[in-house]
Amino acid sequence: MTDTEYHQLADALMLTIEEQIDDIDADLDYESAAGILEIIFADRSKIVINKQAPLHQVWVATKFNGHHFELRGDTWIDNRSGAEFWQFMCDAASKQAGVEIRWEHD
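In terms of full-length UniProt numbering, the sequence shown opens at residue 1 and continues consecutively.
What follows is the structure in structure tokens.
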């Protein structure tokens with residue numbers, strides 16, 4: 001994967017989440033700048049998603065732990081646990097919000 005392809009895919013991943021935050025049935029807010037997306041929960045805790053361009057990875061930090069996702073085929077996979085990004089984000093956001101959160105994606 002080229003650097004350009006990586007940036008397009010990682011940006012699309014974060015934009016997909018960003019576009020849904022206002023429609024989620026939970027008290028969420030966000031801040032986005034320079035390859036970092038912070039999802040802010042009602043208790044002021046955050047999930048931080050940031051691009052790690054030199055490694056072609058996307059890192060996710062929750063109030064519980066951190067994960068490093070890399071693209072395998074067309075799926076972002078945590079390189080330690082093997083978790084798929086979208087399922088992980090649904091589980092992590094739901095746990096942190098205290099209500100079910102489902103992120104829609106293609």
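Glycine is no exception: its CB is placed at the ideal position from the N, C-alpha and C atoms. Please read these numbers as outputs of a predicted model, since none were measured by experiment.
- In the structure shown, I24 falls within a coil segment according to DSSP collapsed to helix, strand and coil.
- K46 is bridged by DSSP to I40.
- Under the Cβ criterion (8 Å, minimum of three pairs), the stretch 72-80 does not count as touching the stretch 32-46.
- Note on geometry: alpha-carbon atoms of I101 and F41 lie some 12 Å from one another.
- For E38, the CB contacts under 7 Å within the same chain, skipping 5 residues up- and downstream, are Y30, E31, K46, V48 in chain order.
- By the Cβ-count criterion, A92 is buried, with 16 or more other Cβ atoms from all chains shown falling within 10 Å of its own Cβ.
- By the CB criterion at 9 Å, A83 and H105 fall outside the cutoff.
- A33 sits in a strand when the DSSP states are folded into three classes.
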